[in-house]
Amino acid sequence: MAVIITEAPAPARRPVRDRHHRGVSRWVVLTLVTLGALVMLVPFAFMLLNAFKSPGDYSSSGPLSWPTEFYTKGLRTYWTEVNFPLKLWNSALIAGSVAVLGVAVSLLNAYALGIGRVRGRLWIVGLFLLANMLPQEALIYPLYYVAKEIGLYNTQLSVIIIFTVIQSAFGTYLLASVMGTFPRSLLEAAALDGAGKWTVLWRVVFPNLRPTLAVLLIFFFIWTWNEFLIPLVMLIDNQTQTIPVALASLQGDRLMDAPTTNAGALISLVPAILFFLIFQRTLARGITAGAEK
1 MAVIITEAPA
11 PARRPVRDRH
21 HRGVSRWVVL
31 TLVTLGALVM
41 LVPFAFMLLN
51 AFKSPGDYSS
61 SGPLSWPTEF
71 YTKGLRTYWT
81 EVNFPLKLWN
91 SALIAGSVAV
101 LGVAVSLLNA
111 YALGIGRVRG
121 RLWIVGLFLL
131 ANMLPQEALI
141 YPLYYVAKEI
151 GLYNTQLSVI
161 IIFTVIQSAF
171 GTYLLASVMG
181 TFPRSLLEAA
191 ALDGAGKWTV
201 LWRVVFPNLR
211 PTLAVLLIFF
221 FIWTWNEFLI
231 PLVMLIDNQT
241 QTIPVALASL
251 QGDRLMDAPT
261 TNAGALISLV
271 PAILFFLIFQ
281 RTLARGITAG
291 AEK
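Read in order, the letters of the sequence shown are residues 1 to 293 in the UniProt record's numbering.
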């Protein structure tokens, strides 16, 4: 008897979609995002255009005209009048200290709330969220009064303490939500191996949350760098002021040197852009790791 063997039909392969041939909706979204990015760059273009324009040229031709000469006196005036290197150091010191301390405080608070499971955890997390929603205008007078009473007014330490508390409120809320979903199997395995709470924090929890903590560190630094109201009220000495406060000092009650102000804004923006470019990969990696988790 002859046995006829037939081959099973091969499964149909799905057509491979070329990534360069996108759908119509994707091209529409890409076009809208590109237009939005260009609109956001318009103020920076005007700032760059007027930073190298003389006051006379600005007064006669307006802010939209092309400069007739390459005017750099505004840059040199801002650099020398406000003592920009000192202001840069003050801003870097305050923002860097707040970023590190804020992440540390957020990690400890969230570890107690998210993994320690303290009583009233939801109420405490909600309180942190409510504190983060309070406007700074409502906090400025109590902060000013307390700083005057304890002798920290017009010191960089007062601003560091204030922003560490403010930023850690948001960090605690975020990390507590993340740690609430932390795998209990890892914690139980570490406990069976005899690991204490500090060992679990630094050997188990911290390595898994490192990308998220890096993102928080970058955000805390940039947010604190751009703060204006609280440093304006708490730092009145020229030796302790930050870059945003020094930039605002260029404007008088009835007179403003627009080219110098634009030049100062341009110089003040460069350190923040460099910081973002240096840590851009860390930020993207941290956001991607958080999305995968």
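No residue lacks a Cβ here, since even glycine has one placed at the ideal position from N, Cα and C.
In chain order, which alpha helix (DSSP H) runs of at least 4 residues are fully inside the segment 46 to 115? 55 to 61, 73 to 81 and 84 to 110
Determine whether the beta carbon atoms of Thr242 and Asn90 lie at a separation below 8 Å. Start at 1 with the first residue of the sequence shown, and residue 242 comes out as number 242. Start at 1 with the first residue of the sequence shown, and residue 90 comes out as number 90. Cβ atoms of Thr242 and Asn90: closer than 8 Å.
Helix, strand or coil at Leu251 [DSSP, three-state]: For the purposes of this step, residue 251 is taken as the residue at position 251 of the sequence shown. Reading off the sequence shown, one finds Gln at residue 251, where the question assumed Leu. In the structure shown, Gln251 sits in a strand (DSSP, three-state: E or B).
So does the segment 154 to 162 actually touch the segment 81 to 101, counting three or more Cβ pairs closer than 8 Å? yes
C-alpha distance - Ala248 paired with Phe275, whole-angstrom precision: In the sequence shown, the residue the question calls residue 248 occupies position 248. In the sequence shown, the residue the question calls residue 275 occupies position 275. The alpha-carbon atoms of Ala248 and Phe275 are separated by roughly 22 Å.
Taking the straight line between their C-alpha atoms, what separation do you get for Val245 and Ala110? For the purposes of this step, residue 245 is identified with residue 245 of the sequence shown, where counting begins at 1. For the purposes of this step, residue 110 is identified with residue 110 of the sequence shown, where counting begins at 1. Roughly 33 Å between the two C-alpha positions.
State the beta-bridge partners of Met256 as determined by DSSP. The residue labelled residue 256 in the question sits at position 256 within the sequence shown. Paired residues: Gln251.
Consult DSSP for Phe221 and reduce its assignment to one of helix, strand or coil. In the sequence shown, counting from the first residue as 1, residue 221 sits at position 221. Helix at Phe221.
Runs of alpha helix (DSSP H) wholly within the segment 164 to 235 (minimum 4 residues, chain order): 184 to 192, 197 to 200, 206 to 225 and 229 to 234
Am I right that Ala272 and Asn50 are in contact with their C-beta atoms under 8 Å? What's the rounded C-beta distance? The residue given as residue 272 occupies position 272 in the sequence shown. The residue given as residue 50 occupies position 50 in the sequence shown. So it is not a contact: roughly 19 Å between Cβ atoms.
Our contact map puts Leu107 next to Leu175 with C-beta atoms below 8 Å; I'd like the distance itself, whole angstroms only. One-based indexing of the sequence shown puts residue 107 at position 107. One-based indexing of the sequence shown puts residue 175 at position 175. Between Leu175 and Leu107 the Cβ distance is about 6 Å, and since that is below 8 Å, they are a contact.
Residues near Phe163 by beta carbon distance below 6 Å, same chain, minus five either side: Counting from one through the sequence shown, the residue named residue 163 turns up at place 163. So the list reads Val98 and Thr224, once near-sequence residues are dropped.
Taking 6 Å as the limit between beta carbons, can you name the residues of its chain near Asn262, skipping five residues before and five after? By one-based count along the sequence shown, residue 262 stands at place 262. Met47, Asn50 and Ala51, listed in sequence order.
How is Gly151 classed by DSSP in three states: helix, strand or coil? Along the sequence shown, one-based indexing puts residue 151 at 151. Coil.
Does the Cβ of Val82 have 16 or more other Cβ atoms within 10 Å, making it buried, or fewer, making it exposed? Along the sequence shown, one-based indexing puts residue 82 at 82. Val82 comes out buried.
What are the start and end residues of the alpha helix (DSSP H) that includes Val125? Residue mapping note: residue 125 aligns to position 125 of the sequence shown, counting from 1. Note, Val125: alpha helix (DSSP H), Arg121 to Met133.
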